[in-house]
Ligand SMILES: C[S@@+](CC[C@H](N)C(=O)[O-])C[C@H]1O[C@@H](n2cnc3c(N)ncnc32)[C@H](O)[C@@H]1O
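Residue numbers (the working numbering): 27 to 263.
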C-alpha cells in the first residue's frame, strides 16, 4: 500500500477530531457495526450504486477513509477497482492500512482533507460516516471538491447522521442515536457521549443535505439509505 504522509503537518491536520486519535482508535472497529443500523448492508448498497456506473477497473475516491472498513468491503466486492483514501487522522489511516490487509496494493492513502486528494478523474466517490465531522461552513466546498474530481456523470455516495434540527426533534434524535448504540455502556459514559455529540458533531436536516448536494453541482440526488439517525444519498457529477 502506498502511503502519502507528506501532508501530516499541513493546515488540515487539525481536521482530525480527538475521537480519531490515540487510544480511541484502538476500539474504533467495534463502533460502526454497533452504532449504525445495517452497517454491512450500507457498504453493499453503496458499492452497488457506485458499480452501476463504474468500469471494472474503476478508480474510486474514498473521503474519510480512516479505519478502512469501506475500503475493505469495496475492495473485496470489486477486485478490479483501485482506491485513493483520504483522511486527516494519521492513526485512522494506519488502522485502514491494517484492515485493508492484502488489498493494500490497490489502495493509496493520503493524510489530510479533500484538498490533498489527487485530481482524478475518478469513476466514483464515497464518503461514509464522515460529513457529520466536517464543519457546516466547510461542507459545500468539500462536496464541490469531490465533484470536481469525478468524471462527468460519475456517482458519489454519502451517508452520515442527518435528522431534523429544530427542538425537540434534535434532542430526541440524539438520545435515540445514543440509546441505539449504548449496549452495556454506563450512565456517565452515555452523558459524555451526549455532550460530545451536541458540541462536536455538525448535523444537518435531510432537506439541507440535499440542498447542499445540489448547490455543489450534483444531479439526480436520491436518498437510498434511511436508518434511524442516518441518511445516505447517491448523486451524480
Ligand atoms: C466515523 S469515522 C468514519 C470512517 C470510515 N469512513 C468508516 O465508515 O468507518 C470519521 C472519519 O472522518 C475523518 N474526518 C474528520 N474530518 C474530516 C475531514 N474534514 N475530511 C475527511 N475526513 C475527515 C476522521 O478522521 C475519521 O477517520
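Built from N, CA and C at the ideal position, the CB exists for glycine as well.
Residue 252 and residue 66 have their C-alpha atoms roughly 14 Å apart. Non-local C-beta neighbours of residue 235 in its own chain, meaning closer than 6 Å and more than five positions away in sequence, comprise 188, ordered along the chain. Rounded to whole angstroms, the Cβ separation of residue 166 and residue 58 is 26 Å, and the two are not in contact under 8 Å. Residue nearest to residue 113 within the set 152, 52, 62 and 205 is 152 (criterion: CA-CA distance). Distances from the alpha-carbon of residue 242 to those of 212, 163, 217 and 76 put 163 closest. Using a C-beta cut-off of 8 Å, the region 117-124 makes contact with the region 132-144, since at least three inter-stretch Cβ pairs fall below that distance.
The residue from 248, 160 and 218 with its alpha-carbon nearest to that of residue 229 is 160. Ligand 1 has no heavy atom closer than 7 Å to the beta-carbon of residue 230. For residue 203, the three-state secondary structure derived from DSSP is helix.
Beta-carbon to beta-carbon, residue 86 and residue 76 are separated by about 7 Å, close enough to satisfy the 8 Å threshold. Between the alpha carbons of residue 175 and residue 263 lies a distance of about 9 Å. Of the candidates 255, 142, 256 and 250, the residue whose Cα lies closest to the Cα of residue 72 is 250. Positions of the beta strand (DSSP E) runs, each at least 3 residues long and wholly inside the region 174-251, are given as 181-187 in order along the chain.
Taking 7 Å as the cut-off, one finds at least one heavy atom of ligand 1 near enough to the beta carbon of residue 118.
DSSP lists 183 and 248 as the beta-bridge partner residues of residue 260. Of the other Cβ atoms in all chains shown, fewer than 16 fall within 10 Å of the Cβ of residue 218; this residue is therefore exposed. Along the region 87-164, the beta strand (DSSP E) occurs as fully enclosed runs of 3 or more residues at 108-113, 133-137 and 150-154, listed in sequence order.
Partner residues in the beta bridge of residue 253, as assigned by DSSP, are 256.
Buried is the label assigned to residue 92, since at least 16 other Cβ atoms lie within 10 Å of its Cβ. Distances from the CA of residue 199 to each of 254, 70, 81 and 131 were compared; the closest alpha carbon is that of 254.
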